[in-house]
Amino acid sequence: MTLTLTTKEWDKLWAEAELNSQKNPESNEFIYQVPKQLGKGYVRDIEVYPHLLLSISDSEYHDDVLIKIPEYNHPLQF
Numbered sequence: 003m004t005l006t007l008t009t010k011e012w013d014k015l016w017a018e019a020e021l022n023s024q025k026n027p028e029s030n031e032f033i034y035q036v037p038k039q040l041g042k043g044y045v046r047d048i049e050v051y052p053h054l055l056l057s058i059s060d061s062e063y064h065d066d067v068l069i070k071i072p073e074y075n076h077p078l079q080f
């Protein structure tokens, strides 16, 4: 089964998960738990340079997740 979410729904789930996040006071590092409605695991974000983020994820979702993202006109996309 595939769970289809809008970006608004996706952001809301992660905003709730962010309330339980951990921040390392010695660095720009955050650890977020995957929202329990989606699965289990974590995402670790490290700001290695201003505006450059390294994201490491160890997570397993209950179902496939499809996020409907509106078209964004930007010169660099992937």
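Going from the sequence shown to my numbering is simple: count from 1 and add 2. We treat Cβ as the ideally placed atom computed from N, Cα and C, and that holds for glycine.
- Listed as beta-bridge partners of Gln24 by DSSP are Ile33.
- Assigned with DSSP and collapsed to three states, Asp66 falls in strand.
- Contact between the stretch 52 to 63 and the stretch 22 to 42 is established, with three or more Cβ pairs separated by less than 8 Å.
- Only exposed fits Val67, as fewer than 16 other CB atoms lie within 10 angstroms of its CB.
- Of all alpha-carbon atoms in Asp65, Pro37, Lys25, the one lying nearest the alpha-carbon of Asp47 is that of Lys25.
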